[in-house]
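**Q** Handing you a structure now.
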Amino acid sequence: MIRCYIALGSNLGKPREQLLSALAALRSLADTTLVNCSRFYGSIAVGPGQQDNYVNAVAAIDTTLTAEQLLTALQSIESQHQRRRDVRWGPRTLDLDLLLYGESSINTDTLCVPHPRMHQRDFVLRPLADIAPVKLLQSEFGGINSATFKDTDDLWVLNDNDQSQSA
Ligand code: ADP
Ligand code: MG
Numbered sequence: 001m002i003r004c005y006i007a008l009g010s011n012l013g014k015p016r017e018q019l020l021s022a023l024a025a026l027r028s029l030a031d032t033t034l035v036n037c038s039r040f041y042g043s044i045a046v047g048p049g050q051q052d053n054y055v056n057a058v059a060a061i062d063t064t065l066t067a068e069q070l071l072t073a074l075q076s077i078e079s080q081h082q083r084r085r086d087v088r089w090g091p092r093t094l095d096l097d098l099l100l101y102g103e104s105s106i107n108t109d110t111l112c113v114p115h116p117r118m119h120q121r122d123f124v125l126r127p128l129a130d131i132a133p134v135k136l137l138q139s140e141f142g143g144i145n146s147a148t149f150k151d152t153d154d155l156w157v158l159n160d161n162d163q164s165q166s167a
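Taken in order, the sequence shown gives residues 1 to 167; the numbers are from the working numbering.
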């Protein structure tokens, strides 16, 4: 089994429901166990134009799928959630990015792992720090710690009963 981390993001439709439904899809993926999921976060969209706020989270899975098979599976879950690929970094019903596939480094036309932009994105790092082991956070990120993060105007923890994205 390979331990993998997947970033989930949505800012269209009902983002929280999209994430819950994506987690259910990950849970029922063949040859894969959903191990854990971070808290849900609200974040201000980074990207072109005026966009609604995001809901973000990171999930941990164990899988025997290859990285390419896993990417294909993630893309098919995105498609099941009416994901359209038009504007780069435009609004999306569901984005599933493979952050880490065990300790593998992968660089192909279709797949780069570790995900090349994850190290700069607090909306990835903060949920990752909720669930990743200290050892991994040290080796990959020089030791980030969820407790050292504070809510900001750009990124905040969503409470379970907080149905709005903007609270
Ligand atoms: P982004 O997530 O950067 O906003 P997309 O979700 O539209 O962009 O993905 C664009 C392409 O990125 C996908 O077709 C996929 O082949 C490629 N890709 C490369 N590395 C990864 C990765 N680690 N996780 C997900 N997609 C990846
Ligand atoms: Mg993506």
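Using N, Cα and C, we set each Cβ at its ideal position, and we do this for glycine too.
What number of angstroms, rounded off, separates the C-alpha of glutamine 165 from the C-alpha of arginine 27?
**A** Annotation note: pLDDT 48 at glutamine 165 (below 50); position unreliable, coordinate value reported separately. Cα to Cα, glutamine 165 sits roughly 24 Å from arginine 27.
**Q** Determine the extent of the beta strand (DSSP E) in which leucine 155 is found, giving its start and end residues.
**A** Note, leucine 155: beta strand (DSSP E), 155-157.
**Q** Check whether the Cβ atoms of proline 114 and valine 58 sit closer than 9 Å, and answer yes or no.
**A** Cβ distance not < 9 Å, so proline 114 and valine 58 don't count as in contact.
**Q** Please report the straight-line C-alpha distance between alanine 67 and glutamine 75, rounded to a whole angstrom.
**A** Their backbone Cα atoms lie some 12 Å apart in a straight line.
**Q** Is any heavy atom in the ligand ADP found nearer than 8 Å to the beta carbon of threonine 32?
**A** The answer is no for threonine 32.
**Q** The ligand MG: which residues have Cβ under 6 Å from any of its heavy atoms, chain order?
**A** Selection output, chain order preserved: Asp95, Asp97.
**Q** Between alanine 74 and the ligand ADP, is the CB less than 8 Å from at least one heavy atom?
**A** Looking at the sequence provided, one finds leucine at residue 74 rather than alanine. Yes, the beta carbon of leucine 74 sits closer than 8 Å to at least one heavy atom of the ligand ADP.
**Q** What distance in whole Å lies between the Cβ atoms of tyrosine 41 and tryptophan 156, which are believed to be in contact at a cut-off of 8 Å?
**A** With 8 Å as the limit, tryptophan 156 and tyrosine 41 qualify as a contact, their Cβ atoms being about 7 Å apart.
**Q** Threshold first: 4 residues or longer. Then list the alpha helix (DSSP H) segments lying entirely within the segment 53-110, N to C.
**A** Runs found: 67-80.
**Q** When you compare only the Cα positions, how much space is there between isoleucine 6 and glutamine 50?
**A** About 26 Å.
**Q** Mind reading off the beta-carbon distance from leucine 23 to leucine 34? Whole number of angstroms is fine, and I expect it under 8 Å.
**A** With 8 Å as the limit, leucine 23 and leucine 34 qualify as a contact, their Cβ atoms being about 7 Å apart.
**Q** For threonine 152, name the three-state secondary structure that DSSP assigns.
**A** Coil, per DSSP.
**Q** At the level of alpha carbons, what is the spacing between leucine 125 and tryptophan 89?
**A** So the two alpha carbons sit approximately 18 Å from each other.
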